[in-house]
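K.L.:
Okay, so the sequence shown: first residue is 74 according to our numbering, each after it adds one.
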Amino acid sequence: GDLKESFYIGAVGDVDMPNDPNQWPPKERFPSWKDTMKLYHAAALAAGKRILSLIALSLDLEAEFFQNIGAVDCSSEVIRLLHYPGYIIVFPLCHLKESEVLF
74 GDLKESFYIG AVGDVDMPND PNQWPPKERF PSWKDTMKLY HAAALAAGKR
124 ILSLIALSLD LEAEFFQNIG AVDCSSEVIR LLHYPGYIIV FPLCHLKESE
174 VLF
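Below you can see the structure in the form of structure tokens.
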């Protein structure tokens, strides 16, 4: 395993998914977290739609092809925020030379 921490944000909009709602941190501790993440989600979704339009054009299709067939209508998008610790654990069996760097 690894030591990363992750936070998943599912589909957002006027109403979260009723069967699997997002769990937001308490507003008292992180006052702007939910609003900021909703804005980020909207920007990422808009970028994804733009990329799909460019892919459609590259395939000699209409720019809205993927939107027209409903490819972006489902609420399956997920944002996965990751945090990795800022240090590296070097295991005893891993002997590095002075000139080597482990990333």
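Where a beta carbon is used, it is the ideal one built from N, C-alpha and C, also for glycine.
Report the rounded CA-to-CA distance for Pro94 versus Glu137, giving the unit in angstroms.
P.N.:
Those two C-alpha atoms are separated by around 30 angstroms.
K.L.:
Measure the alpha-carbon distance for Ala119 versus Leu76 and round it to whole angstroms.
P.N.:
Cα-Cα distance, rounded: 31 angstroms.
K.L.:
Report the three-state DSSP secondary structure of Ser79 (helix, strand or coil).
P.N.:
Ser79: strand per DSSP, three-state reduction.
K.L.:
Please work out which residues of its chain come closer than 7 angstroms, Cβ to Cβ, to Leu130, disregarding the five sequence neighbours upstream and downstream, and give them in chain order.
P.N.:
Taken in chain order, the residues that qualify are Ala136.
K.L.:
Here's the rule I'm using: 16 or more other beta-carbon atoms within 10 Å means buried, otherwise exposed. How should Phe103 be labelled?
P.N.:
When all chains shown are included, Phe103 counts as exposed.
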